[in-house]
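Some notes on the structure that comes next.
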Amino acid sequence: MPIWWSEWYYEPEDGSTNWAEPKRLAVQAASMIAFASSGAATALYWNPQAKEGACRGCLWDPKSGSETKTAQLLDNFVKWFPAGAPIEDVSSSEPSVKVLAQPEQLLLVNTTDGNVTTTVDGKEYTLKAYEIKWSAR
């Protein structure tokens, strides 16, 4: 039976965090890897709203309408890992780097606040703190 997540939040809602944008995006990407790896069929993402200041997690800038880094992450994820995409079992030599793979593409996410070097699929990658890296296979 397909599982749908009607809403999901990757940042604590109690206001206890004020994550920098790279960390927020890395946590979002890592949670999306967990969804895809679990076999979830659909996850719905609701665009936050902000009347003033920065709109953290928004898909578009409320003033200019331009696409944000959150939208770019979701666009790439949908492009490379749509529902039913063949997920391949690939691991990272560094446990803090989360990986998702399909036959043509890898998604790597450094979940730490420091630079990390890892080997995935026989290739070495260096990722900056909280970096999200897309790589052809």
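Numbering (my numbering), first residue to last: 14 to 150. We put the beta carbon where it would ideally sit given N, CA and C, even for glycine. Computed from a prediction, not measured in an experiment: that's the story for all the values here.
is_contact[residue i, chain C] using C-beta, thresh 8 Å
i    : result
K141 : Any reference to chain C falls outside this structure, which holds one protein chain only.
Enclosing beta strand (DSSP E) for residue i [first to last residue]
i    : result
I46  : Element bounds for I46: not the beta strand (DSSP E) but the alpha helix (DSSP H), E34 to S51.
A84  : First-last for A84: K82 to W93, but that is the alpha helix (DSSP H), not the beta strand (DSSP E).
A67  : Unbroken run through A67: none, as it is neither H nor E.
Q118 : Q118 to N123
E137 : K136 to L140
W147 : I145 to A149
L57  : Here L57 belongs to no beta strand (DSSP E), and DSSP marks it neither H nor E.
Residues near residue i by beta carbon distance below 6 Å, same chain, minus five either side
i    : result
A114 : E101 and V103
S106 : T131 and T132
A96  : A54
A84  : L72
CB-CB length for residue i against residue j, believed under 8 Å
i    : j    : result
N89  : L72  : Not a contact, Cβ separation roughly 13 Å.
K36  : Y143 : 5 Å
I145 : L86  : 7 Å
L119 : K82  : Actually they are not in contact, since the Cβ atoms of L119 and K82 sit about 19 Å apart, beyond 8 Å.
Same chain, Cβ closer than 7 Å to residue i, neighbours up to 5 away in sequence not counted
i    : result
A49  : F94, I100 and L113
G127 : A142
I46  : K111, L113, L120 and V122
S79  : W73
A98  : Q115
Residues that residue i bridges to, as DSSP identifies them
i    : result
V103 : None; V103 has no bridge partner.
A114 : E101 and L119
Sequence-distant residues of the same chain with beta carbon closer than 8 Å to residue i, five excluded per side
i    : result
V110 : L121, V122, N123, T124, V129, T131, V133, Y138 and L140
E117 : W93, A149 and R150
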